[in-house]
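Using this note's numbering, you'd call the opening residue of the sequence shown number 2 and step up by one each time.
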Amino acid sequence: MTSYLQKAGTKLFEQHLEQYQPQDPLYESYTDNRGRQRRRKRAIPPGLSARDAKILKSVQRRAHYLDKGFSICGFRFGWTFIIGIVPGAGDVADIALSYFLVTRKARQAELPGWLVRRMLVNNAVSTLSGLVPVAGDVVMAVFKANSRNAALLEEFLRIRGEEFLRLQAEKEQGGSGSAVPGKDAHQVKPGAGMSDDAGDTAVTAPQAKSKFVSWGRATRKDKQRAPTPGEKGRFVEDVEPGVAGKSGDVDSGATKVQSR
2 MTSYLQKAGT
12 KLFEQHLEQY
22 QPQDPLYESY
32 TDNRGRQRRR
42 KRAIPPGLSA
52 RDAKILKSVQ
62 RRAHYLDKGF
72 SICGFRFGWT
82 FIIGIVPGAG
92 DVADIALSYF
102 LVTRKARQAE
112 LPGWLVRRML
122 VNNAVSTLSG
132 LVPVAGDVVM
142 AVFKANSRNA
152 ALLEEFLRIR
162 GEEFLRLQAE
172 KEQGGSGSAV
182 PGKDAHQVKP
192 GAGMSDDAGD
202 TAVTAPQAKS
212 KFVSWGRATR
222 KDKQRAPTPG
232 EKGRFVEDVE
242 PGVAGKSGDV
252 DSGATKVQSR
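Put into structure tokens, the structure is as follows:
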């Protein structure tokens, strides 16, 4: 009888806590074919760049371990609660972890100012709660500012991905591709980070005065060195226009080919 009452009380305690706690930023619950509750990692919203997807995964993982990494009697808490127990230094450490590991990382996704301010307000509420001994630490553990900020980031990036897919669909159908009003598009920035995915690997000709391109199978050392005078090689050297050769002729083109 005692064990039954304890189990029922624990379940009731969990239900009350769930009303005040944000959802787990890393996992979501679902019901399997047998009607059992299970959890799985949250799916990344479609339409995001690889950069934004990587940022979201990182923020979700960090927020999970900071807020919900441990569980005792249905009460889920993380490192922020454990560190916050230490008077003074613990609160400072929590502020630093919440900002540098979650908020600052989320800002790399080119978030609008109002969203960043909302995240900072969540951090401030958590910090002020932690200043109250014991009870404040419990409130901070229930409030879970990092999980709330991760949820804000996920929802914002979900909208960004949806708007980007909508723009792409309109372009394919021959539309104007302006699914979002100008002011909102400036805030949402559909397709942000897409240019970072391709990488900045292109090198323009004016950037290098002397560049050697292999004609055959050359070693890395050969590609990096310049040919010695009189060497019959397999390299083409890019030179600046207007450079005179030894014969006195002015090279009007962009390249001079060595004799083989």
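For each residue, glycine too, the CB sits at the ideal point set by N, CA and C.
Note that the coordinates shown come from a computational prediction; the quantities given were computed from them, not determined experimentally.
Bridge partner(s) assigned by DSSP for residue 38:
32
Would you identify the three-state DSSP class for residue 119, choosing helix, strand or coil?
helix
Inter-residue spacing [alpha-carbon to alpha-carbon] between residue 156 and residue 112:
12 Å
On a Cα-Cα basis, can you pick out the residue from 27, 76 and 117 that is closest to residue 142?
76
Answer yes if the segment 72-88 comes into contact with the segment 168-175, meaning at least three C-beta pairs across the two stretches below 8 Å, and no otherwise.
no
For residue 53, collect the residues of the same chain with a Cβ closer than 6 Å to its Cβ; drop the 5 residues on either side in sequence, then sort them by chain order.
110, 158 and 194
With 16 as the cutoff for other CB atoms within 10 Å, does residue 71 come out buried or exposed?
exposed
Could you check where the alpha helix (DSSP H) with residue 84 kicks off and where it finishes?
80-85
Cα-Cα separation between residue 150 and residue 127, rounded to whole angstroms:
12 Å
Between the Cα of residue 49 and the Cα atoms of 161, 95 and 26, which residue gives the shortest distance?
161
I'd like to check one pair, residue 145 with residue 69: are the Cβ atoms closer than 9 Å?
yes
Pull the bridge partners of residue 161 from the DSSP assignment, please.
None, per the DSSP bridge assignment.
What is the DSSP secondary structure of residue 45, reduced to helix, strand or coil?
coil
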